[in-house]
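S.K.: Structure below; questions to follow.
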Amino acid sequence: MYCLLPAFSRINECKVVSICGKNSKRMTNFCKKFNVKQYTNW
Numbered sequence: 001m002y003c004l005l006p007a008f009s010r011i012n013e014c015k016v017v018s019i020c021g022k023n024s025k026r027m028t029n030f031c032k033k034f035n036v037k038q039y040t041n042w
């Protein structure tokens with residue numbers, strides 16, 4: 001999963017609007033790095 005976010009973010013016409021995964025520091029860092037919003041009330 002962590003390799004997909006950087007891969008898709010390199011495509012100009014592609015915008016990652018959501019990602020699902022375990023709430024972890026690593027996930028938080030990836031979301032911040034690739035500007036993916038985090039929601040706590042799905």
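Residue numbers (our numbering): 1 to 42. Cβ atoms here follow ideal geometry from the backbone N, Cα and C, with glycine treated the same way.
Name the two residues that bound the continuous alpha helix (DSSP H) containing F8.
M.R.: Here the alpha helix (DSSP H) through F8 covers 4 to 9.
S.K.: In whole angstroms, what separates the C-alpha of F34 from that of K25?
M.R.: Spanning the two alpha carbons is a distance of roughly 14 Å.
S.K.: What does the alpha-carbon distance come out to for the pair M129 and G21?
M.R.: Given that the chain is displayed from residue 1 to residue 42, the structure contains no residue 129 and the question cannot be resolved.
S.K.: Sorted by chain position, which residues of the same chain lie with C-beta nearer than 7 Å to T16's C-beta, five sequence neighbours on each side aside?
M.R.: The sequence given here has Val at residue 16, not Thr. Taken in chain order, the residues that qualify are L5, F8, S9, F34, V36.
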